[in-house]
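Peer 1: The structure follows.
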Amino acid sequence: MFDLIVRGGLIIDGSGGPPRQGDVAVSDGRIVALGSVEGEAREEIDARGLAVTPGFVDIHTHYDGQVTWDAHLTPSCWHGVTTVVFGNCGVGFAPVRPNERDYLISLMEAVEDIPGTALAEGIEWEWETFPEFMDAVGKRSLGMDVAAQVPHGAVRTYVMGKRGAENEPATPEDIEGMAAIVRDGMKAGALGFSTSRTLMHKAASGDPMPGTFAAEDELFGIGRVLGDLGTGIFELAPLGAAGEDVIGARKEMDWMCRLSAEIGRPVSFAMLQVDAEPTLWRDLLDESQKAVAEGAQVYPQTAGRPFGMLVGHQTEYHPFRDRPSYEGLMDLPFDERIARLGEPSVREAILSEKVDYEDPMSAYVMASFHKLFPLGAKPNYEPSHEESVAGIAEREGRSPEEVLYDCMLGQDGRELLLFPLLNYSDGNCDPIYEMIHHPRAVLGLGDGGAHCGIICDASIPTFMLSHWVRDRERGPKLPVELVVQRMTSDAANLYGLRDRGLIAPGYKADLNLIDLATVGLQLPEMVFDLPAGGRRLIQRADGYRYTLVSGQVTMRDGEPTGVLPGRLVRGEQTAPAA
């Protein structure tokens, strides 16, 4: 007798092959049979009318702190994710001495916009070393599987102290010490090492985060640990990732390719379309492909939709905050504040005030009405110019400031406007379409658990299914089998998690049952449910009927079942025997 049979679904198996109708039988947390399965099971799920996919693998999250207090890892659990990897971009919480905890919290808050008060209250600090951190996470019962990487920022601070935090050059002894810590972390089950070199990642002091200017001897000295052990990935946010240095971005490819070829391990780096050079991404993809002939495994990691921020009364940024008539309303309860903002006299007063913006982001927003798009009740992440604040103003003969003010009061003041900073230089998603098709590109950069005040890109898996597979109107769509492959087996294999990502006998029974006709995104909303009442933007989804981890139903119709079969994944996992 089987433990479970999922009957009659449309199986999209993660291989990229065509969907097919059939049953999936599960025993002991593994898939044991496919097709027309005869026999009985302790439980059956009727999947007629539903797609059955492998659980999604999100390789770029920042749940390093949240994993210690949130068993479900929201919002990722709402979007079909059954495995997450954290410790990205060089930030994390181990190794750490007691007197360094506040610094690592402030670093995570500054780089990834996770409220420091939430981290300070939520993390119990049961560790000092990275292996001890892994043991602490390993004791947790979770709603999904989790995996970790060793973060450069924490390692550099632990070994070099203030010198490391202030980006002083590492001595040979420093490098030896960092390499030893990374070696211990990898032996404890880390899936890789991460660092950041982009100038956009800054500590609370405003200084670049530790490791930003690390020399090659430091990077290669640490990278060789992965080569010696024959395991792990080298992940980074490179110089120029946000368009701050396009010349530097090209130079980064040279050492990344040489490092990968020398150590025989994959290197994955953040890559998005940047306004400073809108075709740079294509050159980086070409270079990564050419490097294969030289023995390098370099994988640009991109996002499946425009990458930026949301503007509105719910979020951290909106440009009317600096106006005197608004400042007197800021402390009112949300609904009362929105009601006052809707009064004609208040509206007129705020719009009549001219200010010199102290916040550079507010100034940038008010100079970029052509890049501000009302998201709408059915969120639209590929809007046209006509749908921008500038386009609406042109069409209606109003000022952009008026249009923005009125848009922000939409949906009872909960309307949000998309402000794409990256991946939208062309005003459409065609470059992303090309990226997704490229054999070296991988999907990531959802930043689950991070950027709490401005975005919620942990919802990208749902966007991939709703927009790219079904709803896209401004260009070609993507076949569902390709989208599922990118979010399952491709992501899992890059990180050596070869026991998942496919619906095939012997593989982990991590599954989603999805209504492809209704799967979609709800409007993002700000909630205050982090420890210490910390704020974060969340985004729920429709259309996920069931999510299973190791053959157990963890989510049903978007809500946790209370079953927690998820565990820490230690090290690479082998594929089932054929």
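Letter by letter, the sequence shown follows residues 43 to 620 of the working numbering.
Heads up, the beta-carbon is just placed ideally off N, CA and C, and yes, glycines get one too.
It should be emphasised that the depicted structure is a prediction, and the values quoted were computed from it without experimental measurement.
(1) First and last residue of the beta strand (DSSP E) that includes V569?
(2) What three-state label does DSSP hand E82 in the structure shown?
(3) Bridge partners for P193 per DSSP, in chain order?
(4) Leaving out the 5 sequence neighbours to the left and right, which residues in its chain are closer than 7 Å to Y145 when beta-carbon positions are compared?
(5) DSSP three-state call for G562: helix, strand or coil?
(6) Alpha carbon to alpha carbon, what distance is there between L374 and R225?
(7) Since L590 and L553 should fall inside the 8 Å C-beta cutoff, what is the C-beta to C-beta distance between them, to a whole number of angstroms?
(8) In this structure, does DSSP put Y588 in helix, strand or coil?
(9) Got a sec? Which residues, its chain only, sit under 7 Å from R382 by beta carbon, not counting five neighbours each side?
(10) Near I264, what residues of its chain come up, given a Cβ to Cβ distance below 7 Å and the 5 sequence neighbours on each side ignored?
(11) Is L352 closer than 9 Å to A245 when the C-beta atoms are compared?
(12) Looking at I545: is its Cβ nearer than 9 Å to the Cβ of V94?
(13) From E378 to Y341, what distance separates their C-alpha atoms?
(14) Per DSSP, P462 is paired with what?
(15) Inspect the beta-carbon positions of I53 and L76 and report whether they are closer than 9 Å.
(16) Nearest-angstrom Cα distance between D499 and V611?
(17) Three or more beta-carbon pairs under 8 Å between the segment 570–586 and the segment 160–173, yes or no?
(18) Any idea what DSSP makes of L314, helix, strand or coil?
(19) Are the CB atoms of V74 and G548 nearer to each other than 9 Å?
(20) Quick check: the Cα distance between G290 and R324, rounded to an integer number of angstroms?
(21) Would you call the segment 524–542 and the segment 318–333 in contact, with 3 or more CB pairs under 8 Å?
(22) With respect to the alpha helix (DSSP H) encompassing E277, which residues constitute its N-terminal and C-terminal limits?
(23) Using a Cβ-Cβ cutoff of less than 6 Å, which residues in the same chain neighbour M408 once the five nearest sequence positions on both sides are dropped?
(24) By a C-beta neighbour count over all protein chains shown, 10 Å radius and 16 as the cutoff for buried, is M186 buried or exposed?
(25) Going by DSSP, what residues sit across from T95 in a beta bridge?
(26) Using three-state DSSP, classify G180 as helix, strand or coil.
(27) Assuming R139 and E170 form a contact by the criterion Cβ under 8 Å, report the distance between their Cβ atoms to the nearest whole angstrom.
(28) Secondary structure at T116, three-state DSSP: helix, strand or coil?
(29) Under 8 Å: do the segment 251–266 and the segment 330–338 share three or more Cβ pairs, one atom per stretch?
(30) Starting from L268, trace the alpha helix (DSSP H) both ways and give me its first and last residue.
(31) I'd like the list of long-range same chain contacts for P252, defined as Cβ closer than 6 Å, with 5 residues on each side in sequence excluded.
(32) Since L233 and G180 should fall inside the 8 Å C-beta cutoff, what is the C-beta to C-beta distance between them, to a whole number of angstroms?
(33) Taking the Cβ atom as the reference point for each residue, do V109 and T125 lie within a distance shorter than 9 Å?
(34) Comparing alpha-carbon positions, which option in A391, T254, H102 lies nearest F128?
(35) Kindly identify the DSSP beta-bridge partner or partners of T103.
(36) Can you check which of these residues, S302, Q191, E174, F505, is closest to L563 by C-alpha distance?
Peer 2: This is what the structure gives:
(1) 567–572
(2) coil
(3) S236
(4) T199, A207
(5) strand
(6) 52 Å
(7) 4 Å
(8) strand
(9) L371, L374, V388
(10) M220, A221, V224, F235
(11) no
(12) yes
(13) 49 Å
(14) G350
(15) yes
(16) 24 Å
(17) yes
(18) coil
(19) yes
(20) 16 Å
(21) no
(22) Taken as a continuous stretch (DSSP letters only), E277 belongs to no alpha helix (DSSP H), being part of the beta strand (DSSP E) at 275–279.
(23) P361
(24) buried
(25) N554
(26) helix
(27) 6 Å
(28) coil
(29) no
(30) 258–271
(31) G195, R198, T199, G206, A207
(32) Between G180 and L233 the Cβ distance is about 14 Å, and since that is not below 8 Å, they are no contact.
(33) no
(34) H102
(35) G490
(36) F505
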